[in-house]
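Read the structure below first, then the notes.
Residue numbers (the working numbering), protein chains in the order written: chain A, 2 to 250; chain B, 208 to 433.
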């Protein structure tokens with residue numbers, strides 16, 4: 002059986018609209034991470050769980066000379082990605098089993114939290130690396146907000162992802178030690194996000210799940226209103242960014 | 208029973224593992240045939256893969272045609288069995304006179320390594336039986352000498368007998384009549400410059416070569432005794 006948990010956020014039009022907001026929200030920390038990586042003249046780069054290709058685009062900026070392949074379980078996402086980043090290559094593939102391509106850089110963002118067995122996935126990814134390769138992951142640790150509605154929403158979303166076998170706050174998974182790998186970078190950044198932006202992502206989740214969220218009928222209008230009001234407040238995502246280097250051994 | 212595909216290995220061949228991987232991936236059995244062998248054993252089809260047979264010294268394929276195994280390949284072909292030459296293998300088959308014409312240096316005198324779009328021109332060969340005429344396939348080329356040439360009478364015969372197997376949609380190398388691959392008069396020997404085995408999985412950037420390799424396995428399978 003595949004270790005893949007169903008991607009809780011789906012691949013509907015609404016889900017893809019949400020991913021566009023996610024992409025916009027997390028592009029800055031990802032760019033800063035890619036700039037902070039040890040210098041690497043990578044030839045082959047894999048973007049795991051690439052979705053509609055936003056991260057693939059960032060990777061192609063960071064590694065302009067590399068052959069970049071985005072892998073995702075959703076054919077709809079892969080079709081989107083292929084049209085978004087024509088210079089990269091894409092394939093529908095299960096990334097929780099041993100990877101069928103070797104790579105100099107393996108990158109995954111906000112993916113481990115959706116997998117049933119993130120530790121085994123990480124080990125597979127490290128195994129696919131050619132030394133001296135880089136395994137680069139970004140996962141959330143927690144989410145800070147004073148807003149009671151947001152806190153309730155956080156509980157709900159955690160529960161929905163857990164029901165599908167994932168652990169949304171997968172930052173701790175990055176504690177894993179990987180064979181022949183050492184940590185080149187390990188940091189937690191506090192990423193402030195405008196309240197309205199967070200609300201924009203959240204109501205699209207809530208609308209995707211419908212009945213799985215208690216009181217979705219009240220929650221969604223509240224969040225949509227917050228999106229259009231766009232107050233100057235922020236919520237904070239704690240995002241853990243880790244890069245391992247694999248050595249010949 | 209799975210069809211057995213014999214893969215000819217000369218000193219300097221370098222695509223034998225790629226074609227073997229693709230063959231096994233599609234359910235066939237691959238068997239390496241060393242250039243010094245006197246027979247092709249009990250295989251059901253032969254592939255002459257890409258590379259630089261005998262270093263491509265003198266002229267591509269010019270030395271390889273004298274390897275002992277090529278006599279066995281010639282009599283295998285004379286029996287009507289499927290023989291496919293890919294890239295350097297196509298050059299070898301031309302030098303061995305199993306196919307007409309020759310491959311000269313690319314127009315522009317540059318080595319080309321890129322994905323090309325091929326149009327299937329006939330479905331009645333062991334390499335294209337499962338494709339349809341007019342299908343466009345994205346398959347990579349990787350060669351210096353891929354510029355197909357032959358005399359006018361040969362070209363007229365190739366056209367009249369429907370023996371142009373695949374043509375380039377955008378001719379990359381100056382090949383006569385956009386020819387990327389041809390077949391023999393008996394249609395069982397096929398040579399082409401593009402590499403279907405390098406387009407045999409979406410992870411490689413294209414899986415369009417699968418239809419060609421599946422055709423070959425079907426043709427080979429038809430020879431497997433029940």
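Quick reminder that beta carbons are idealized off the backbone N, C-alpha and C, glycines included.
Enclosing alpha helix (DSSP H) for residue i [first to last residue]
i              : result
residue 151(A) : 149 to 164
residue 8(A)   : That residue, residue 8(A), is in no alpha helix (DSSP H); it is neither H nor E in DSSP.
residue 221(A) : 217 to 230
residue 428(B) : 417 to 428
residue 25(A)  : 14 to 37
Residue i in three-state terms, based on DSSP
i              : result
residue 214(B) : strand
residue 340(B) : coil
residue 378(B) : coil
residue 61(A)  : helix
residue 228(B) : helix
residue 3(A)   : Because residue 3(A) carries a pLDDT of 40, less than 50, the predicted location of this residue cannot be relied on, and the following value inherits that uncertainty. In this structure, residue 3(A) counts as coil in the three-state DSSP scheme.
residue 346(B) : strand
residue 70(A)  : strand
residue 241(B) : strand
residue 54(A)  : coil
residue 362(B) : helix
Endpoints, the beta strand (DSSP E) within which residue i is located
i              : result
residue 292(B) : 290 to 293
residue 387(B) : 386 to 390
residue 193(A) : 182 to 195
residue 244(A) : 235 to 247
residue 48(A)  : 45 to 49
residue 252(B) : 252 to 255
residue 354(B) : 354 to 356
residue 398(B) : 396 to 399
Contact test: residue i Cβ vs the ligand PLP heavy atom, cutoff 6 Å
i             : result
residue 76(A) : This structure lacks the ligand PLP, and indeed carries no ligand of any kind.
- Query: What are the residues of the region 386 to 414 of chain B that lie near chain A, defined by any Cβ-Cβ distance shorter than 7 Å?
  - Reply: Listed by position along the chain: 409, 410 and 412.
- Item | Three CB pairs or more closer than 8 Å across the region 410 to 419 of chain B and the region 277 to 284 of chain B | The region 277 to 284 of chain B and the region 410 to 419 of chain B do not touch, with fewer than three beta-carbon pairs separated by less than 8 Å.
- Query: Would the region 223 to 239 of chain A and the region 176 to 187 of chain A be scored as touching if the rule is three or more Cβ pairs under 8 Å?
  - Reply: In short, these stretches do not touch, since the Cβ pair count stays below three.
- Taking only runs of the beta strand (DSSP E) that begin and end inside the region 82 to 157 of chain A, which ones reach a length of at least 3 residues, in chain order? For the region 82 to 157 of chain A, whole beta strand (DSSP E) runs of length 3 or above, ordered along the chain, are 90 to 93, 104 to 110 and 130 to 145.
- Contact between the region 76 to 87 of chain A and the region 24 to 37 of chain A: three or more CB pairs below 8 Å? No, the region 76 to 87 of chain A is not in contact with the region 24 to 37 of chain A.
- At a cut of 8 Å, does the region 101 to 117 of chain A reach the region 39 to 49 of chain A through at least three beta carbon pairs? Yes, they touch.
- Message: Using a Cβ-Cβ cutoff of 8 Å, what residues of the region 33 to 46 of chain A are near chain B? List them in chain order.
- Response: If the cut-off is 8 Å between Cβ atoms, the region 33 to 46 of chain A has nothing near chain B.
- Report yes or no: do the region 354 to 365 of chain B and the region 250 to 264 of chain B share at least 3 C-beta pairs separated by less than 8 Å? No, because fewer than three Cβ pairs between the region 354 to 365 of chain B and the region 250 to 264 of chain B fall closer than 8 Å, the two stretches do not touch.
- Residues from the region 96 to 108 of chain A in contact with chain B, defined by Cβ distance under 7 Å: For the region 96 to 108 of chain A, the beta-carbon criterion of a distance under 7 Å to any beta-carbon of chain B is satisfied by 101 and 102.
- Task: Specify whether the region 156 to 163 of chain A and the region 226 to 236 of chain B touch according to this definition: at least 3 beta carbon pairs, one from each stretch, less than 8 Å apart.
- Result: Verdict: no, contact absent.
- Quick one: which residues of the region 48 to 75 of chain A get their C-beta closer than 9 Å to a C-beta of chain B? List them in chain order. If the cut-off is 9 Å between Cβ atoms, the region 48 to 75 of chain A has 68, 70 and 72 near chain B.
- Are the region 304 to 316 of chain B and the region 340 to 357 of chain B touching, with three or more C-beta to C-beta distances below 8 Å? Judged by Cβ distances under 8 Å, the region 304 to 316 of chain B makes contact with the region 340 to 357 of chain B, as three or more pairs qualify.
- Message: What are the residues in the region 81 to 95 of chain A lying within 9 Å of chain B by C-beta distance?
- Response: 90, 91, 92, 93 and 94: these are the residues of the region 81 to 95 of chain A whose beta carbon lies less than 9 Å from some beta carbon of chain B, given in chain order.
- Task: May I ask you to verify whether the region 226 to 246 of chain A touches the region 53 to 68 of chain A, counting CB pairs closer than 8 Å and requiring at least 3?
- Result: Short answer: they don't touch.
- Message: Give the list of continuous beta strand (DSSP E) stretches no shorter than 3 residues that lie fully inside the region 264 to 320 of chain B.
- Response: Considered as a whole, the region 264 to 320 of chain B harbours 290 to 293 and 309 to 311 as its complete beta strand (DSSP E) runs of no fewer than 3 residues, in chain order.
- Message: Tell me whether the region 129 to 140 of chain A and the region 230 to 238 of chain A touch, counting them as touching only if at least three CB pairs, one residue from each stretch, are closer than 8 Å.
- Response: They do not touch, by the three-pair rule.
- Message: Could you check whether the region 242 to 256 of chain B touches the region 266 to 281 of chain B, counting it as contact only if at least three pairs of C-beta atoms, one from each stretch, sit closer than 8 Å?
- Response: In short, these stretches touch, since the Cβ pair count reaches three.
- Three or more C-beta pairs closer than 8 Å, one from the region 389 to 401 of chain B and one from the region 287 to 295 of chain B: is that the case here? A contact between stretches requires three or more CB pairs, one per stretch, nearer than 8 Å, and the region 389 to 401 of chain B meets this requirement with the region 287 to 295 of chain B.
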